[in-house]
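Accompanying notes for the structure given below.
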Amino acid sequence: MPELQGKVRKILAENLSVPEDQVKAEARFQEDLDADSLDLVEAVLALEEEFGVTIPEEEMEGVKTVGQAVQLVATKLGVSA
Amino acid sequence: MPEATIALVTGASRGIGSAACLALARAGVTVGVGYRSDPEGAEETVAKARADGGIALPVAVDVRDEESIEEAFRRVEKDVGPVRVLVNNAGYTKDGLAVKYTTENWDATIDTNLKGAFLCSRRALPAMLKARWGRIVNVASVAALRGNAGQAAYSASKTGLVGLTRSLAREVGGRGITVNAVCPGFVETRMTEVQREEIRKRYVEMTPAGRFGTPEEVAAVIAFLCGSEASYVNGSVVSVDGGLSA
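From first to last, the protein sequence lines are chains A and B.
Our numbering puts the last residue of the first sequence at 81; the count rises by one with no breaks.
Our numbering puts the last residue of the second sequence at 1246; the count rises by one with no breaks.
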């Protein structure tokens, strides 16, 4: 679902203040995108707002890459990423 | 302060909370006057704020109850907009020596004074983060800084509130949000007026100022910490106690 992927990447880019082309599926939040834990929480808040989903903290823990974030949102929405 | 700043003050029917609402309203802040058990007191605060030319609305909020907090924030957001300033003022005290202190009273004290402040802050922070601006002021107590026989629960809750203040200040201090605490000493409120006369006399003797403080004296400090001018004050614990903790 490229549309969802694009939306998630756009929101992540905005929230992490990085150019969208750096927000690739394999990009790691901490190492590649220089995001700290609060940046990630803010990004999750933005995703929750955009997609009307709730992402509990324990589900955030395993999410290390952009691709995993897209997957998580897709799962929440009940669609395939 | 950004234009049309909106504040929510918990426990604002009377005392320090009420005075804080009036001080904020005078500074041009739209104030949600939070109350739990005393709607008349909240209406009175609202009326006073309006008489001063301010904008205020009563908001029912029981800080021990997450649903009630959610409803209160939604109400404020719907009626006037997102909360940018949160004053965690709602407080509970029931004195008694620890040996005979009931678990119910312990829980009631911690739930209101400490957990309530956490729950309200957690609910308020996302909008503040988004705005890159926010103020949280926690109303602690001189009992956070020194022990008081008969106040194990109260003192523990208020010391906890100082810990919450400092940790939150570090978490969100990079986003234009400040989190500070004020520690009032003995102030003329309903919380202190129930004390026995001999105890009140002893309090006054311990206080260099030689008198109780007024809610307005505490409110002035709260209002300052809520303002834009206090932008570099973060994680501070400000005593407003007539020198009691000096």
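Ideal placement from N, C-alpha and C gives every residue a C-beta, glycine not left out.
{"Check": "Proximity below 9 angstroms, CB of V70(A) to CB of L4(A)", "Outcome": "yes"}
{"Check": "Chain A contact for D1172(B) (CB, 9 angstroms cutoff)", "Outcome": "Here residue 1172(B) turns out to be Val, not Asp, going by the sequence shown. Interface residue, yes."}
{"Check": "Between the CA atoms of R1200(B) and T1216(B) - distance to the nearest angstrom", "Outcome": "In the sequence as presented, Thr is not what sits at residue 1216(B); that position holds Glu. Near 19 angstroms, if we compare the C-alpha coordinates of R1200(B) and E1216(B)."}
{"Check": "Contact residues within the segment 45 to 61 of chain A, judged by C-beta distance below 7 angstroms to chain B", "Outcome": "L45"}
{"Check": "Backbone secondary structure at A1056(B) - three-state DSSP", "Outcome": "strand"}
{"Check": "6 angstroms CB neighbourhood of S1068(B) in its chain, flanking five on each side removed", "Outcome": "V1061 and D1062"}
{"Check": "Cross-chain neighbours of L1129(B) in chain A, by beta carbon under 9 angstroms", "Outcome": "L38, V41, E42 and L45"}
{"Check": "CB contact below 9 angstroms: R1175(B) versus chain A", "Outcome": "yes"}
{"Check": "With 16 other Cβ atoms within 10 Å as the buried cut-off, status of S80(A)", "Outcome": "exposed"}
{"Check": "Residues that Y1092(B) bridges to, as DSSP identifies them", "Outcome": "BP columns for Y1092(B) are empty, so no partner."}
{"Check": "Beta-bridge partners of L1008(B), as assigned by DSSP", "Outcome": "G1032(B) and L1086(B)"}
{"Check": "Per-residue contacts from P1126(B) into chain A (C-beta, under 7 angstroms)", "Outcome": "L45"}
{"Check": "Beta-carbon spacing of V23(A), V53(A) below 9 angstroms", "Outcome": "no"}
{"Check": "DSSP state of I89(A) mapped onto helix, strand, coil", "Outcome": "No answer is possible for residue 89(A): it lies beyond the span of chain A, which begins at 1 and ends at 81."}
{"Check": "Buried versus exposed call for P1039(B) [16 or more other C-beta atoms within 10 Å across all chains shown]", "Outcome": "exposed"}
{"Check": "Whole-number beta carbon distance between A1127(B) and V1083(B), since they are thought to touch under 8 angstroms", "Outcome": "6 angstroms"}
{"Check": "Residue nearest to E42(A) in terms of C-alpha spacing, selected from E1171(B), Y1154(B) and R1211(B)", "Outcome": "E1171(B)"}
{"Check": "DSSP three-state assignment for N1105(B), whether helix, strand or coil", "Outcome": "helix"}
{"Check": "Nearest-angstrom beta carbon gap, P1058(B) and E1043(B) [assumed within contact, 8 angstroms]", "Outcome": "6 angstroms"}
{"Check": "G1213(B) - DSSP class collapsed to helix/strand/coil", "Outcome": "strand"}
{"Check": "Beta-bridge partners of G1174(B), as assigned by DSSP", "Outcome": "Beta-bridge pairing links G1174(B) to no other residue."}
{"Check": "DSSP three-state assignment for T65(A), whether helix, strand or coil", "Outcome": "strand"}
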